[in-house]
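First comes the structure, then the notes that go with it.
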């Protein structure tokens, strides 16, 4: 059973990290912490894979891990210390790739959104989740998810404005 978990963690950790990176607005350290917390919780509940369905079996471990990640992120955002930021300047980075300016602009714009709006946008458009799946993960109604998406996308368009077309055209 432990070998199964190690294989699962190895296969999913990269994808979980990318989702966490977007959720946290580009905070790589917090992203790593969230992935570690998620995998820790998954390990604690891994035995539930072999239960009967009526006894609380985990049917989709990858989906369950994504849900745990988003809920860990939202829980972190509710803590008082989550708003502490040691520095506003980005560290020096290696040579930029062709889409790194676009990615940095998107991450910066995402970091301007409230945590629940950011979670909804990442789940809907990065993870390509349905409205119903997103609503279940963030424990909200489908209508609230659609409203959050609409408002968050409008805010992103306002934040990125003409810069987005300029960055995409490069």
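In the working numbering, the protein residues as written are 39 to 208. Glycine included, each C-beta is placed from N, C-alpha and C at the ideal position. What you are looking at is a predicted structure, and each value in this text was computed from that prediction instead of being measured.
* Span separating the alpha-carbon of residue 69 from that of residue 195 -> Spanning the alpha carbons of residue 69 and residue 195 requires a straight line of approximately 25 Å.
* Does the distance from the CB of residue 159 to the CB of residue 190 come in under 9 Å? -> Yes, the Cβ-Cβ distance between residue 159 and residue 190 is below 9 Å.
* To do: Could you have a look at residue 80 and say whether DSSP puts it in helix, strand or coil?
  => Residue 80: helix per DSSP, three-state reduction.
* To do: Measure from the alpha carbon of residue 198 to the alpha carbon of each residue in 72, 153 and 145, then state which is nearest.
  => Comparing alpha carbon positions, the residue from 72, 153 and 145 closest to residue 198 is 145.
* To do: Report the three-state DSSP secondary structure of residue 178 (helix, strand or coil).
  => Under the three-state reduction of DSSP, residue 178 is assigned to coil, being neither helix nor strand.
* From residue 40 to residue 164, what distance separates their C-alpha atoms? -> Answer to the nearest angstrom: the Cα atoms are 30 Å apart.
* Asked: Considering only residues of the same chain and omitting the five flanking positions on each side of residue 110, which have a CB-CB separation below 8 Å?
  -> Closer than 8 Å at the Cβ level, and outside the excluded window around residue 110, lie 72, 75, 76 and 79.
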